[in-house]
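Input: a single structure, listed below in structure tokens.
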Amino acid sequence: MSKVDILSIGAHAGDAEIASGIALAHEVNNGKKVAICHLTLGEKGNPKMSPEDYAKLKREEAEAAAKVIGARLYVLPWKDGELPVSDDVKLAIADVIRDCKPDVIITHHSKSIHKDHVNCH
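Residue numbers (the working numbering): -16 to 104.
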């Protein structure tokens, strides 16, 4: 794939868009290329929906948001609430970084109260 200027990595679908979506859209409007990477879909985040149904909805929302922003989208396979700090996760993120070669990476801060956010950092 081609190089991007900015990569935003979120633990859950929606995190990157909430944290940096407006900045990413602004940069796209200024001619920059951007990408979003979700480590999980956040499928356990709605107690009124099954994780499978919510995962499908979250993927659709992530694809729609990426289209509106003008971002390339990566969705990795980990489970919501179970994001490990492991070589597998690190290597998968490294693969995304190698694929899009960003100049800037945006992600969660290390002091978040959500363990998936901390593990994403």
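Even glycine gets a Cβ: it sits at the ideal position worked out from N, Cα and C. Here the structure is a predicted model, which is why all the values come from computation and not from measurement.
DSSP bridge partner residues for residue i (one or two, in chain order)
{"i": "residue 55", "result": "18"}
{"i": "residue 23", "result": "-5 and 61"}
Rounded C-alpha distance that separates residue i from residue j
{"i": "residue 92", "j": "residue 100", "result": "8 angstroms"}
{"i": "residue -10", "j": "residue 94", "result": "20 angstroms"}
Three-state secondary structure (DSSP) of residue i
{"i": "residue 80", "result": "helix"}
{"i": "residue -10", "result": "strand"}
{"i": "residue 87", "result": "strand"}
{"i": "residue 11", "result": "helix"}
{"i": "residue 67", "result": "coil"}
Member of the options whose CA lies at the smallest distance from the CA of residue i
{"i": "residue 57", "options": "10, 37 and 81", "result": "81"}
{"i": "residue 60", "options": "52, -7 and 1", "result": "-7"}
{"i": "residue 45", "options": "29, 63, 24 and 71", "result": "24"}
{"i": "residue 9", "options": "54, -16 and 47", "result": "54"}
{"i": "residue 90", "options": "104, 52, 6 and 22", "result": "104"}
{"i": "residue 83", "options": "51, 20 and 7", "result": "20"}
{"i": "residue 68", "options": "22, 6, 96 and 14", "result": "22"}
{"i": "residue 6", "options": "52, 34 and 31", "result": "52"}
Sub-9 angstroms separation of residue i and residue j beta-carbons
{"i": "residue 66", "j": "residue 16", "result": "no"}
{"i": "residue 41", "j": "residue 4", "result": "no"}
{"i": "residue 85", "j": "residue 2", "result": "no"}
{"i": "residue 26", "j": "residue 70", "result": "no"}
{"i": "residue 87", "j": "residue -12", "result": "yes"}
{"i": "residue 38", "j": "residue 0", "result": "no"}
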